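Novice: Residue 20 is where the sequence shown starts when you use this note's numbering, and the numbers rise one by one after that. Here a beta-carbon is modelled for each residue, glycine too, at the ideal position from N, C-alpha and C. Please read these numbers as outputs of a predicted model, since none were measured by experiment. Before I ask anything, let me first share the structure, which is written out below as structure tokens.
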Amino acid sequence: MTSFARAIVSPVAISPSLSVSASPDQLPVLRSLVRTVAAHYALSLDGLSDLVLAADEAATILIGHALPSSTLTCTYDGDTDPAAVQVILTAETTSQITTSTSSFVWHVLETLTDKVVLEELPPTAPEEKWSVAITLTKDLQAGS
């Protein structure tokens, strides 16, 4: 016999998110999520493509520093700033990411998005890992 649980509908808006293994073979899944969710925002086709590419690049940075058994989480935030959409990529890493703001990779992220923020929280105990987030912000088209 099959049983069905009734969904609980919360009045609080939930931001779409996805957690995958921090592995390069998960990048197509991540790109698909970014493309699907971002398509619901007022972005041009070029803006949508730029955001997908930026998310792919940011995820690649995090995957390069993450433990093989860790996860990469991608979350959307379209509520904080009504004129922009944010893609927040997070992972736990073994060390600080030493991405220079003058590096080619960082320049690519800044070119593809309107704002890029790298946040790193150091471990509070020796057995803990670094918590790293890269937030990509893309402005929405005016008048949409």
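Would you mind working out which of Thr109, Glu146 and Ser42 sits nearest Ile153, comparing C-alpha positions?
Specialist: The residue with the shortest Cα to Cα distance from Ile153 is Thr109.
Novice: Cα separation between Thr94 and Glu147?
Specialist: For Thr94 and Glu147, the distance between alpha carbons rounds to 23 Å.
Novice: Could you tell me if Phe98 is buried or exposed, where buried requires 16 or more neighbouring beta carbons within 10 angstroms of its beta carbon?
Specialist: Residue 98 is actually Asp in this sequence, not Phe. The residue is exposed, with fewer than 16 neighbouring Cβ atoms inside 10 Å.
Novice: What's the C-alpha gap between Ser63 and Lys157?
Specialist: About 11 Å.
Novice: Are the CB atoms of Val71 and Val53 nearer to each other than 8 Å?
Specialist: Against a cut-off of 8 Å, the Cβ pair of Val53 and Val71 comes out as a contact.
Novice: Grab me the residues of Ala102's own chain with a C-beta within less than 7 Å of its C-beta, minus the 5 sequence neighbours each way, in chain order.
Specialist: Excluding positions up to five away in sequence, the list reads Asp158 and Leu159.
Novice: Given this structure, state the Cα-to-Cα distance separating Thr143 from Glu111, to the nearest angstrom.
Specialist: Each residue's Cα considered, the two are about 13 Å apart.
Novice: Using the C-alpha atoms, what's the distance from Asp44 back to Ser51?
Specialist: Cα to Cα, the separation comes out at about 13 Å.
Novice: Looking at the unbroken alpha helix (DSSP H) that takes in Ser122, where does it start and where does it end?
Specialist: Per DSSP, Ser122 belongs to no alpha helix (DSSP H) and is neither H nor E.
Novice: What are the residues that DSSP puts in a beta bridge with Ile116?
Specialist: Per DSSP, none; premise fails for Ile116.
Novice: Could you have a look at Leu133 and say whether DSSP puts it in helix, strand or coil?
Specialist: First, the amino acid is wrong: residue 133 is Asp here, not Leu. The answer is coil: DSSP assigns Asp133 none of H, G, I, E or B.
Novice: Using the C-alpha atoms, what's the distance from Pro35 back to Glu76?
Specialist: C-alpha separation (whole angstroms): 20 Å.
Novice: Once the 5 residues before and after Asp74 are set aside, which same chain residues still bring their CB inside 8 Å of it?
Specialist: Rather than Asp, the amino acid found at residue 74 in this sequence is Ala. Taken in chain order, the residues that qualify are Leu49, Arg50, Val53, Cys93, Val106, Leu108 and Leu155.
Novice: Put Ser34 into one of helix, strand or coil per three-state DSSP.
Specialist: Correct three-state label for Ser34: coil.
Novice: Using three-state DSSP, classify Glu76 as helix, strand or coil.
Specialist: DSSP places Glu76 in helix when its eight states are reduced to three.
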